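> Mind having a look at this structure? Questions to follow.
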Amino acid sequence: MFKRSILVIAALVLVLGVASVSLGAPAFKIGIVTGTVSQGEDEYRGAEYVVAKYPGMLEHRTYPDNFMAEQETYIAQITGLAADPAIKAIVVNQGVPGTVAAIRKVKQLRPDILFVIGEPHEDPPIVEKEADISLIPNNPARGQSIPQLAKKLGAKKFLHYSFPRHMSMNDLATRRDLMEQECKKLGMEFIFVTAPDPMGEGGLPAAQQFILEDVPRQVAKHGKDIAFFSTNCGMQEPLITAILKAGAIFPEQCCPSPTHGYPGALGLEITEELAGNFPAIVKAINTDIVKRGMAGRMATWPVATSYLNTVAGVEIAKLALEKKINIKDMAAVQKVVEEIAGVSMKFERNSEKGQFYRYLVGSIIFGKDVK
Amino acid sequence: MLEKPTAQVKTPAGGSGVGISDILRNWSVPIFFLVISIAGIIAARLDINYLVNEVVGRFGRNAFLVISLIIPVMAGLGLNFGIVVGAMAGQTALVIVTHYQVEGLAGFALAAVISVPIAMLLGLLVGKVLNRAKGREMVTSMIMGYFANGIYQLVFLVLLGTLIPMKDPVLMLGSGIGLRNTIDLIGLSYSLDRAMDWLWNGFVFTSVGAARLGPWRFPLCTLFIIGILCVLTTFITRTKLGQEMRAVGQDMHIAQVAGINVDRTRIIAIMMSTVLAAWGQLIFLQNLGTFNTYSSHEQVGMFSVAAILVGGATTRRATIWNAIVGTLLFHTLFVVSPLAGQRLFGVSQVGEYFRSFLAYGVIAVALALHAWQGRSSKQSK
Amino acid sequence: MRNGHVLELKGISKGFFGTTVLKGVSLDIRPGEIHALVGENGAGKSTLMNILFGMQVIQDTGGFEGQVVVDGQAVTIDSPRRAMELGIGMVHQEFMLIPGFTVSENIKLNREPTRGNLASRIFGHRLETLDEPLMQADSRMALGKLALSIDEMALVGGMPVGHMQFVEIAREIDKKNVRLLVFDEPTAVLAESEASLLLDAMKRLSSEGIAILFITHRLDEVMEVADNITILRDGEVVSRMPRSEAKLGRIAELMVGRKIERPVLPPRKSEPSDEDMVLRIENFRVDMPGERVRGLDLSVRRGEILGIGGLAGHGKVGIANGVIGLYPSTGRVAKDGSQIPLNDPKQALLSGMAFVSEDRRGVGLLLDESIEMNIILTAMQVQGKFLRPGALQSLRLEDRSAMREHALEVMRDLDIRCTGPTQLVRRLSGGNQQKVCLGRAFTMEPEVLWVSEPTRGIDVGAKQLVLDLLVKFNREHGMTIVMTSSELAELRKICDRIAIVYRGQIAGILPPDAPDVDFGLIMAGKGAALEEVS
Amino acid sequence: MSDKLRNAYEQLGLPRLIIIVFLLVLFAVAVIMRMDLAILIKDSITRIGMNGILVLAMLPTLACGVGLNFGLPVGVIAGIVGAVTSMNWGLKGFAGFFTAMVIAIPLAVIAGYLYAMLLERVQGQEMMVGTYVGFSVVSGMCMFWLLAPYRNPAMIFALGGKGLRTTITLDRTFGKVLNDFLGFSVFDIYIPTGLLLFMGIFFVLIALFFKSKAGLAMRTVGSNPMYARSSGINVQRMRTMGVILSTVLAAIGILVYSQSYGFVQLYTAPLTAAFPAVASVLIGGASLRKATIGHAIIGTVLFHTLLTIALPVTQTVLQGADISEIARTIMSNGMIIYALTRAERR
């Protein structure tokens with residue numbers, strides 16, 4: 007009797023325990039995979055933000071810093087998330103090489119999992135087939151918008167830094183070609199310069215050093231009215247530093263964002279009220295740039311694209327799982343993203359074969375658009 | 028005159044002892060790793076099904092590459108970081124096969140065949156260079172990897188479409204020069220891994236009454252092929268050639284005196300290793316299903332070497348068991364450690380840093396343990 | 284075998300860089316004959332063997348004169364392989380065995396029996412499978428001929444040296460066509476019981492019709508097994524006799540006996556005596572591979588030149604290396620009554636000793652440094668000479684001018700022929716390198732100088748110069764010198780006393796003018812017999 | 633005269649001659665293409681100055697027989713900790729720079745000592761172990777950068793508000809203090825006097841060290857450990873000292889590098905410190921058995937001039953083609969292989 011009552015109580019406790027857990031937690035979980043802060047702060051902070059916003063719903067993982075080398079570890083992170091039956095969607099930002107392989111592996115066993123990819127690095131037609139939704143700034147369109155912006159900032163020449171590995175990415179190569187055409191149309195000289203590959207044996211420091219040296223060289227050769235653009239995230243900070251010093255023109259970063267490169271290059275002091283506050287950061291950058299006499303010569307997007315990719319990705323995944331959105335409906339997706347970004351944008355899909363969405367945002371010019 | 032010998036010469040104690048201390052000495056590094064992995068599994072509270080699935084999958088992908096390291100060690104060349112070059116040969120074959128859209132197992136087989144002459148040629152070149160850098164083979168082969176990478180980029184990014192005529196809008200960049208950075212191998216995907224699944228599904232499942240052996244998915248045919256490779260590697264050691272390699276590996280001078288062509292034997296060892304590495308890379312990539320044209324091969328050497336070291340191999344002695352145990356343990360650690368790190372620290376990126384700190388630190392310590400043992404055993408003699 | 288000889292060497296002459304090493308050496312061996320070739324170190328035995336085996340070093344240094352005849356046919360042996368094909372086998376002095384291989388793998392090295400298989404039919408014979416049962420059976424048979432039960436599956440690695448020697452022999456007799464076997468000092472590293480086993484095996488082989496060329500300087504062994512004896516001295520055959528006519532004492536005399544005119548050495552103020560011992564060594568053991576010292580006692584008189592002789596492998600070289608601290612040692616070494624800490628070169632050097640190593644290129648020199656650096660470095664490190672003043676001892680800078688001045692002085696005193704004090708030592712001749720080594724030790728201004736094999740590998744003229752130098756140090760600076768040498772003749776030229784080492788201990792101390800036969804007997808471990816005689 | 637020429641040639645060796653000729657060709661092309669030579673030269677000089685001490689850090693380990701120090705990141709990290717700490721206190725100018733050095737050096741000594749203890753156990757495999765130790769230490773320090781209690785608002789992440797940024801600008805602290813010290817221009821070429829002086833001082837100091845008792849002992853250990861032992865030198869202690877010295881030089885080297893570069897780079901950046909230094913010293917003609925100050929100087933000058941000008945010049949010639957970066961990779965690694973296969977034949 008005594009034994010039995012204990013069993014009953016134990017069973018009850020167990021049932022209640024399970025029930026309370028299942029009652030307290032949402033019906034599904036979403037996995038997020040981002041890089042670490044040493045790769046780029048925005049995407050990671052975006053993840054921190056949503057984790058705080060939806061407590062208990064998200065599982066956050068990071069991929070290795072040298073993701074190129076440790077591709078298998080990266081894939082294992084994703085399949086590891088998928089091994090948890092509660093996970094119904096996975097948001098990856100950025101979609102570094104290996105993402106497609108990872109999606110395929112997961113979908114073998116868990117075809118129900120929804121994949122949202124921010125900033126895919128692999129070839130769009132391949133990503134498009136596998137990922138449920140991809141979000142990326144519209145790089146081909148930026149092939150026209152950036153030279154136009156440069157012209158608006160007063161540029162007479164346009165210089166594009168990249169290196170072979172990036173030029174083997176079709177979107178980036180296409181964008182380069184479009185830029186060249188657009189420059190011709192606008193009457194600007196287009197200059198292509200190869201920089202050392204940050205993944206090469208000299209590593210990022212060698213690439214950054216090259217930028218620091220080359221910008222003054224180019225300004226000396228071509229004059230101050232030259233706009234610079236580089237395809238590599240790591241190069242943005244030295245590029246901005248060198249441009250500030252040389253007084254040249256900077257239309258936008260590879261991944262447009264007020265927090266990408268600017269705070270570091272300006273040595274912005276992050277006080278309590280500034281930390282994590284985008285509008286305040288934009289203002290502080292603006293003040294600094296104006297103070298340095300560079301008003302009207304530097305610009306960026308008002309939103310941090312990497313941050314946006316993470317946050318919007320999670321939001322879309324959540325809505326889709328709650329069946330509140332049809333991911334194939336571009337307008338609906340656009341609405342969600344715009345709401346989060348707080349600005350309007352132009353959406354475009356790569357093709358009808360999937361949901362590879364590219365978006366374009368109007369720029370803000372420091373010393374002009376920011377009050 | 029000398030007195031007649033009274034005692035007959037005794038035979039030395041036959042065979043090597045199989046005491047616990049011997050096992051500990053020979054397998055200390057794997058045991059060390061095993062302990063760390065188990066600690067990691069406990070810390071990460073990992074789902075065992077997931078772990079088994081993942082580790083077996085990674086074993087299938089990597090074992091072939093790791094086994095390809097054995098022959099050069101046998102021939103005294105140390106750990107061959109030059110398998111990167113072999114991986115490039117495999118990828119070249121893949122590009123060709125994908126271009127001509129040969130799919131499935133036939134495509135895989137064709138790629139395997141095409142990669143052989145390429146890998147042999149490259150292996151010959153690597154071998155010749157290494158023969159001129161005796162005693163510094165490992166560093167040299169590592170740099171050779173970087174060097175070959177430059178050539179590889181030159182060929183596939185610049186020459187293809189200019190000097191080498193090729194037109195393929197799917198594989199090549201919009202400009203018509205050079206390959207795209209990702210190549211989709213959907214046609215070859217799992218072509219080898221699943222080539223024997225009919226056996227599993229049609230035979231094993233029905234006869235056992237459809238009892239599933241856990242929710243796992245094993246690359247059956249690949250495991251089979253790895254088994255064959257193990258047998259083949261053992262076979263090589265039992266041949267005349269294998270004996271020559273072992274002799275060269277143990278003592279180049281004595282081998283030379285015994286009339287063995289040392290340089291040639293070393294080159295053959297490197298060529299074999301390079302061909303195996305090419306096939307290993309094919310297996311790796313057919314399992315992934317996509318490949319990064321300019322980076323898939325880069326770290327093949329680093330990781331395979333780490334795996335075999337973890338298995339208890341040294342730069343002078345490596346067996347198939349070292350390769351197998353090493354691959355399993357190394358990948359267990361790499362599956363377990365990110366989660367363990369995350370669970371321990373609560374913050375995902377700190378976990379990630381902790382993981383690489385631990386993983387590489389453990390390899391350094393493992394190497395240190397080896398060298399230390401090597402010295403103490405020498406002293407005890 | 285027209286004239287019944289397996290091998291005939293006819294008028295072999297060979298010079299290295301102008302030094303004649305062999306002068307018209309002739310030799311012939313019949314099947315089944317054990318022919319002993321005896322001679323001191325440096326008598327030309329190894330050069331003769333190198334010629335016989337077509338070693339590369341012979342061709343590289345300009346070939347040789349004379350003729351090698353095998354089975355009555357003149358042959359050219361231009362590689363070890365060719366020698367092997369002609370049925371000549373060699374049991375090497377340093378074992379050509381692979382430690383990680385089993386006995387049978389070593390016996391069959393590069394001659395493994397194989398079986399064809401599928402792969403070999405496609406890829407060629409190198410992929411044929413090893414026929415391991417056959418390998419083992421053959422090995423057993425070869426070992427059986429030596430009447431030895433060694434496990435053919437055991438690794439050679441941890442074996443006693445005696446067994447390794449037998450494996451080496453088994454490998455040679457396993458060669459099917461082998462008709463002549465050369466044993467190059469096979470018993471040097473063996474224990475007594477092992478050595479007698481080996482001699483038995485040699486007799487057994489010869490009874491099977493295999494000719495044996497037995498190179499040794501253990502005369503008792505020669506007396507036991509040899510049919511004929513050839514004695515080589517300074518590259519010349521000095522005598523040849525059948526064993527029946529040979530006497531131990533006579534051979535020893537012929538072997539070492541050179542018409543030594545002991546030069547009249549300069550006199551000293553006072554002759555060294557047992558009253559004043561500068562160094563006492565007691566129960567000294569040194570763990571130097573191949574040259575172990577096993578509980579040796581030795582005292583050195585102040586101001587004397589003490590010679591240490593003995594055969595290779597008996598530990599004469601180990602003494603100096605142990606005293607100076609380069610190899611692990613135990614026991615007691617006391618200089619002027621105070622004990623010197625062992626295994627610490629710095630302490631040994633500080634106590635006023637210096638050392639000239641037998642391993643000139645390995646230990647004695649920095650080959651890629653200048654002459655002056657080689658000369659002064661040890662003195663600088665140990666005694667702080669040639670340093671400019673400075674607060675921190677270890678950061679004091681080199682004193683170039685003092686270095687140069689001293690180097691020039693040493694170069695003049697020792698007559699070092701070179702382009703200047705900055706020439707790299709690697710570019711010097713052997714003799715001049717040796718002088719640099721002496722200069723290095725001399726710079727330490729030691730009270731006791733240990734010199735190991737000072738004349739090894741240098742030409743005749745330089746040899747004399749080096750010996751003269753040692754005498755000069757001794758007489759002019761009162762330096763006590765302990766000189767180890769394999770060449771008895773040079774010990775007898777300049778030493779006051781000569782200690783002979785046998786099996787790691789002093790077997791006897793003789794005056795330099797003792798009869799040749801006494802030296803020969805002590806070296807051969809027959810010291811007891813000598814005492815009985817005298 | 634011809635003897636002198638031949639002597640000079642033998643001293644220099646074929647690989648260096650090839651590189652020198654190649655550099656001359658590059659300069660000639662630059663002149664023909666009307667490129668701004670002044671800037672190219674200025675950049676080369678700066679680059680040489682900022683890398684010199686890092687290359688120099690390779691010498692002690694080569695000299696004492698430990699081999700190429702692939703564990704250079706160990707020292708680099710010590711230097712960075714010094715830099716970051718000094719910045720955290722808001723120290724400016726030379727005060728900041730020297731404070732960084734004062735903090736970095738003891739750290740480097742401790743780290744170097746521990747590293748040397750490890751290497752002592754793995755004789756013969758130092759280079760492999762060093763590589764992995766580098767990886768491990770860099771990852772371990774990533775945690776430190778994230779969690780360490782640095783609170784200076786100019787150094788922390790913009791969004792997170794905690795943890796150090798990946799690159800921290802030195803504009804307001806000690807950026808370019810050496811470069812600008814006594815700097816002047818001739819023919820439009822800016823000479824970073826302070827930088828060159830500082831580098832020169834270290835080269836002289838190390839050159840002097842190798843002429844001191846301890847330095848000679850270290851060299852002896854490297855070229856013949858048995859000779860060293862028989863000269864009463866404590867071989868293990870010299871090897872330990874070599875590793876520590878190399879680590880300290882790496883720490884100072886990265887400070888010099890950073891102040892010239894204008895940023896401190898954290899996280900995975902230190903990993904890449906070893907390779908250019910290794911390449912430089914090998915290209916300079918050093919082998920695993922022998923390395924001198926001369927090798928370090930020639931290597932630094934050749935390799936970094938090559939790095940600085942090869943790209944812009946090939947760029948100008950091959951307008952728009954991607955080949956320049958690839959060509960550079962092939963050439964520099966080819967040179968290293970050449971050096972590795974040649975070293976034995978001297």
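Protein chains in written order, with our numbering: chain Z, 7 to 377; chain S, 28 to 408; chain L, 284 to 817; chain F, 633 to 978. All C-beta atoms in this analysis are idealised placements derived from N, C-alpha and C, irrespective of residue type, glycine included. Since the structure is predicted, the reported quantities are computational estimates derived from the model, not experimental observations.
Is G722(L) helix, strand or coil by DSSP?
G722(L) falls in the helix class under three-state DSSP.
> Could you check which residue in E195(Z), D203(Z), A254(Z) has the C-alpha nearest to that of R223(Z)?
It is A254(Z).
> Beta-carbon separation of G328(S) and V111(S) under 8 angstroms?
For G328(S) and V111(S), yes; Cβs fall inside 8 angstroms.
> Using a Cβ-Cβ cut-off of 6 angstroms (strictly less than) and excluding sequence neighbours within five positions of I68(S), which residues of its own chain qualify?
Hits under 6 angstroms: V363.
> So which of D557(L), E692(L), T613(L), M332(L) has the shortest CA-CA distance to I658(L)?
For the residues D557(L), E692(L), T613(L), M332(L), the minimum Cα distance to I658(L) belongs to E692(L).
> In chain S, which residues lie with their C-beta within 9 angstroms of the C-beta of E587(L)?
Result: empty, since nearest Cβ-Cβ is about 36 angstroms, beyond 9 angstroms.
> State buried or exposed for Q259(Z), treating a residue as buried only when at least 16 other CB atoms are found within 10 Å of its CB.
Buried.
> Mind checking if F299(L) is an interface residue toward chain S, Cβ cutoff 8 angstroms exclusive?
Not one chain S Cβ lies under 8 angstroms of F299(L).
> Going along chain S in order, which residues have a C-beta closer than 9 angstroms to the C-beta of D183(Z)?
In chain order: G201, S202.
> Taking DSSP's pairing of strands, which residues face I495(L) in a bridge?
Partner(s): I317(L), L464(L).
> Hey, does V43(Z) have any beta-carbon neighbour from chain S nearer than 8 angstroms?
So, interface residue.
> Using three-state DSSP, classify F372(Z) as helix, strand or coil.
Of the three classes helix, strand and coil, the one that applies to F372(Z) here is coil, per DSSP.
> N99(Z) and S312(Z): beta carbons closer than 8 angstroms?
Yes; because the gap between Cβ atoms is below 8 angstroms, this pair is in contact.
> Please identify, using Cβ separations under 9 angstroms, the residues of the region 499-516 of chain L that lie next to chain S, in order along the chain.
Listed by position, the residues of the region 499-516 of chain L near chain S (Cβ gap below 9 angstroms) are D503, E504, M506, E507.
> Mind checking who L824(L) pairs with in its DSSP beta bridge?
Only positions 284 to 817 of chain L appear in this structure, which leaves residue 824(L) out of reach.
> Nearest CA to the CA of T266(S): which residue from T354(S), G388(S), I98(S)?
Taking only the C-alpha atoms, the option nearest T266(S) is I98(S).
> I'd like the list of long-range same chain contacts for E321(Z), defined as Cβ closer than 7 angstroms, with 5 residues on each side in sequence excluded.
Excluding positions up to five away in sequence, the list reads V342, I346.
> Thinking C-alpha only, which one of D698(L), G298(L), S553(L) is nearest D517(L)?
Considering only alpha carbons, the answer is G298(L).
> Among I781(L), N393(L), E759(L), G761(L), which one has its Cα closest to the Cα of K769(L)?
The displayed chain sequence assigns Ser, not Lys, to residue 769(L). Considering only alpha carbons, the answer is I781(L).
> DSSP state of Q242(Z), grouped into three classes?
Three-state result, Q242(Z): helix.
> Can you tell me whether V784(L) is buried or exposed, with buried defined as 16 or more other CB within 10 angstroms of its CB?
With 16 or more Cβ atoms within 10 Å of its Cβ, V784(L) is classed as buried.
> Whose C-beta lies closer than 7 angstroms to the C-beta of F86(S) among residues of the same chain, with five residues either side of it excluded?
These residues qualify, in order along the chain: T354, L355, H358.
> What residues in the region 834-856 of chain F have a beta carbon less than 7 angstroms from any beta carbon of chain L?
Answer in chain order: L840, K843, S844, K845, A846, L848, A849, T852, S855, N856.
> Contact defined as beta carbons within less than 8 angstroms: I believe T1020(F) pairs with T247(Z). What is the distance between those atoms, to the nearest angstrom?
Since the first residue shown for chain F is 633 and the last is 978, residue 1020(F) is missing from the structure and cannot be characterised.
> Name the residue from M694(L), R710(L), R563(L), G713(L) whose alpha carbon lies nearest to the alpha carbon of P704(L).
Among M694(L), R710(L), R563(L), G713(L), the Cα nearest to that of P704(L) is on M694(L).
> Using three-state DSSP, classify R523(L) as helix, strand or coil.
Of the three classes helix, strand and coil, the one that applies to R523(L) here is strand, per DSSP.
> Along the alpha helix (DSSP H) that carries V112(Z), what are the first and last residues, could you check?
Start and end: 105-115.
> On the DSSP bridge assignment, give the partners of Y363(Z) in chain order.
DSSP, once it has assigned bridges, lists L141(Z), R355(Z) as partnering Y363(Z).
> Taking beta-carbon pairs under 9 angstroms, can you tell me which members of the region 726-741 of chain L lie near chain F?
If the cut-off is 9 angstroms between Cβ atoms, the region 726-741 of chain L has nothing near chain F.
> Buried or exposed: I189(S), going by 16 or more other Cβ atoms within 10 Å of its Cβ?
The amino acid occupying residue 189(S) in the given sequence is Thr; Ile does not appear at that position. T189(S) should be labelled exposed.
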